[in-house]
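Chemist: Quick one: the structure is below, and I'll ask about it shortly.
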Amino acid sequence: MKKLIILVVLFFCAVAISPMLINEKGYILIAMGDLTIESTVVTASIMLTLLFITLLISLKVLRGGLKLSFSTWNKLIFANRRKALREFNQGITAYALEDYQQAEQLLAKCAEKSQFEQTAYLLAASAAQKQNLISNTKHYLTALEDHRQTMQETGLEGILIKIKLLLEQDSFGHDNLEQARALIDEHHKHIGHDARLLSLEINLCIMEQRFESAVEYLTSARKQKTIDEHVIKEWGKSAFYGAFNNIIQQKDNNALTDYWQKLAKKVKQREEVLFAYCLVLAENNIIEPLNKILIAPLKKEASQAFLQNLRTLPLQKPEELIIIVQKHLHSDPHSAKWLSCLGHMALSGGQFQMADKAFHSLMNIEGSQYDDIDLKAFASALEGQGEYQKANQLLRKVTN
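With our numbering, letter number 211 in the sequence shown gets 238, and the count goes up by one each step, no holes.
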């Protein structure tokens, strides 16, 4: 800037002195039609210089003003986005800290402005679900439809979360299951490669009462190392019971027997499958095939798990099975598992006195080798004999 001022001063001095040195002011004449402009060289030079300086100053001011304007506009335009991103991060942190109320509010508020609509709405729906706010969860799931993105944009994880939320919200009605089914079918090719999607497919099949489809998927589920064995057993219990029950309701006993016979031997040996079949037989009072299945393992040293499952069956005519259990007790009168088994069988068959004696003996074994289910059954046996006060005393033990 100093150099510019010095140059301007030198220029003015030269312009002012030059005409004096040559004793001639000099003239400039500009003619444009009827318009004529006349001036001396000195005056014209001064005016042009002033104009040049004015232009330089104007450009300097404008350039700074433009920079200021762009910076200001940038702050104004992106301020909302920065705020939304800040709220999005705070919402995720609140979710991780299990502050679901705060997480829901923040994520729902910033969803559309944060450029992460899918993730924000999914987490907001999940936070609402954990608070049992059904209407809020439904609202966020509906909002997801307006911001639906492809798997390439969100990843399979986003699809999985949405399907899971839809299944958890099945109380809204059939529409949710239909949405979940549409999403799973859309990404069906991934079922063979992703255990999480396979798990959701099995759950959905059971909820849709497509039990035979669920049974077929169980084969693939057993090959997945990431799926817990207990979960597979629970699926098997529900899927096979539903399949067996559908067959006998829609067809007849023979169709059920044929279906059972066609199952692989290793499948029939699984306790959850075996007892699902036995439960359907017991509920429909199909005695002979039921006893045929149960007699063989009862004659052997049946496992504790087998006998615990056995006591859940509504055995209406258990006489043949009771004889086998009594033989075990003849050899070992103080066996807790056989006393419990006898008590439940006798109660199921309406033999209240026999059940009473079996449970009474069980209670007297040292070490309290009975559980709440045994106590409830004992109370039922006492009620069956009209001993309501004793039954209530036993039930109080269960509640305590």
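Think of the CB as a built atom: it goes at the ideal place given N, C-alpha and C, for glycine as much as any other residue. Everything numeric in this text was worked out from a predicted model, so none of it was measured.
Taking Cβ to Cβ, would you say Glu233 is nearer than 7 Å to Leu224?
Modeler: It should be pointed out that residue 233 corresponds to Ile in this sequence rather than to Glu. No, they are not a contact pair.
Chemist: For the stretch 176 to 244, list the alpha helix (DSSP H) runs that are entirely contained and at least 4 residues long, ordered along the chain.
Modeler: DSSP runs (the alpha helix (DSSP H)) wholly in the stretch 176 to 244: 178 to 181, 183 to 195, 201 to 213, 222 to 234.
Chemist: Taking the alpha helix (DSSP H) that Tyr304 belongs to, which residues open and close that run?
Modeler: First-last of the alpha helix (DSSP H) with Tyr304: 298 to 310.
Chemist: The alpha helix (DSSP H) spanning Gln331 covers which residue range?
Modeler: 331 to 337
Chemist: Ile392 to Ser362, Cα distance in whole Å?
Modeler: 9 Å
Chemist: When the Cα atoms are used, what is the spatial distance from Gln158 to Gln206?
Modeler: 23 Å
Chemist: Put Thr63 into one of helix, strand or coil per three-state DSSP.
Modeler: strand
Chemist: Ignore the nearest five residues each way along the sequence and tell me which others in Gly118's own chain have a CB closer than 6 Å to its CB.
Modeler: Ala130, Leu133, Leu134
Chemist: Rounding to the nearest angstrom, what Cα-Cα distance links Ala373 and Leu337 in this structure?
Modeler: 12 Å
Chemist: So what's Gln288 in DSSP terms, helix, strand or just coil?
Modeler: Of the three classes helix, strand and coil, the one that applies to Gln288 here is helix, per DSSP.
Chemist: Using the rule of at least 16 other Cβ atoms within 10 Å of the residue's Cβ for burial, across every protein chain shown, is Ser375 buried or exposed?
Modeler: buried
Chemist: Go through its chain and collect everything with a Cβ distance to Leu95's Cβ below 8 Å, but skip five positions before and after it.
Modeler: The predicted model places Leu95 with a pLDDT of 46, which falls under 50 and marks its position as unreliable, so this point remains unresolved.
Chemist: From Asn230, Gln288, Thr146, pick the residue whose C-alpha is nearest to that of Gly185; which is it?
Modeler: Looking at the Cα atoms, Thr146 is the closest of the given residues.
Chemist: Of all the options His257, Asn272, Leu340, Ala385, which has the alpha carbon lying nearest to the alpha carbon of Tyr436?
Modeler: With the chain represented from 28 up to 427, any question about residue 436 goes unanswered, as that position is not in the structure.
Chemist: Determine the contact status of Tyr148 and Ala155, defining contact as a CB-CB distance below 7 Å.
Modeler: no
Chemist: Have a look at Lys319 and Glu144 and give me their C-alpha separation to the nearest angstrom.
Modeler: 59 Å
Chemist: If I measure Cβ to Cβ from Val294 and keep anything under 7 Å in the same chain, skipping five residues before and after, which residues do I get?
Modeler: Val300
Chemist: Output yes or no for whether 7 Å exceeds the beta carbon distance between Trp262 and Ile313.
Modeler: no
Chemist: Nearest to Leu340 by alpha carbon, out of Arg113, Gln331, Asp359, Leu317?
Modeler: Leu317
Chemist: Helix, strand or coil: how does DSSP classify His166 here?
Modeler: helix
Chemist: Going by C-alpha distance, which of Glu125, Leu160, Asn116 is nearest Gln142?
Modeler: Between Gln142 and the set Glu125, Leu160, Asn116, the nearest pair of CA atoms involves Asn116.
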